[in-house]
Amino acid sequence: MRFILALIVGILLGGAGAYFLFVGAPHAYLAKGETVRAPDAAGPPPGTAVVELNEQFFGALLSSIFKDLNKPAFPPQAAASGCQNQVVVEPNADGVQTGVVLQNGQVTVPLAFSGTYNLAGCQTLRGTAEANIEFRFAADEQTLYGQLNVTGVNVEGMSPLLGGFVTAFVQGAINQRVNPLV
210 MRFILALIVG ILLGGAGAYF LFVGAPHAYL AKGETVRAPD AAGPPPGTAV
260 VELNEQFFGA LLSSIFKDLN KPAFPPQAAA SGCQNQVVVE PNADGVQTGV
310 VLQNGQVTVP LAFSGTYNLA GCQTLRGTAE ANIEFRFAAD EQTLYGQLNV
360 TGVNVEGMSP LLGGFVTAFV QGAINQRVNP LV
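Numbering (our numbering), first residue to last: 210 to 391.
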């Protein structure tokens, strides 16, 4: 009985240790400002500037980035081992086009990506991710902040059991280079 209990505890501790070894500890911080809400139905108060951006604007912006500035890579530097732990945002993959979707009062970001990850050797990644953007407004600074949160990742040819590691890796890579959006 003690052997089985020790085995279960060892597996749990080993799994947690492997998670922190490959993925790292989660980075938590308090977001500035307060959550942005939908506009008042009565209209904006006097002296308020209203800027409206639509999906076509973001589509043209992303198209220009992919065409003129190359594909964004997070993080862009090479690792010492020769395997670059990075995520490269692709224009499209598996029928998913990288873009911005504005609906139901939310900003959703479908992402197509490729990249490499050092997990028991250099693993090549290709897949899609679903993300959302949460906006917060700091009135004292008159600044709008955004946080890109990856909610799910689908990787071609990878076991769903490793999905948690890959989701955390993709979120961590984006957090290092993108978040917070200012």
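Just so it is clear, CB atoms sit at the ideal spot from N, CA and C, and this is done for glycine as well.
Discussion item. Tell me the DSSP secondary structure of V359 in three-state form.
Written reply: strand
Item to complete: Going by CA-CA distance only, name the one from P389, A382 and V259 that's closest to P284.
Response: A382
Worksheet item: What are the boundary residues of the alpha helix (DSSP H) that E350 is part of?
Response: Premise fails: E350 is in no alpha helix (DSSP H) and is neither H nor E.
Worksheet entry | In chain order, each beta strand (DSSP E) run of at least 3 residues that lies wholly inside the region 237-300 | 295-299
Practice prompt. Give the secondary structure of N327 by DSSP, where H, G and I count as helix, E and B as strand, and everything else as coil.
Written response: strand
Worksheet item: Does the beta-carbon of F266 have 16 or more other beta-carbons within 10 angstroms, so that it is buried, or is it exposed?
Response: exposed
Discussion item. Could you tell me the alpha carbon to alpha carbon distance between V316 and Q356, rounded to whole angstroms?
Written reply: 11 Å
Worksheet item: Closest by CA to F374, which one among M210, A225 and I217?
Response: A225
Item to complete: Just tell me which of N358, G366 and V362 has its CA closest to the CA of R386.
Response: N358
Discussion item. Rounding to the nearest angstrom, what Cα-Cα distance links D277 and A347 in this structure?
Written reply: 33 Å
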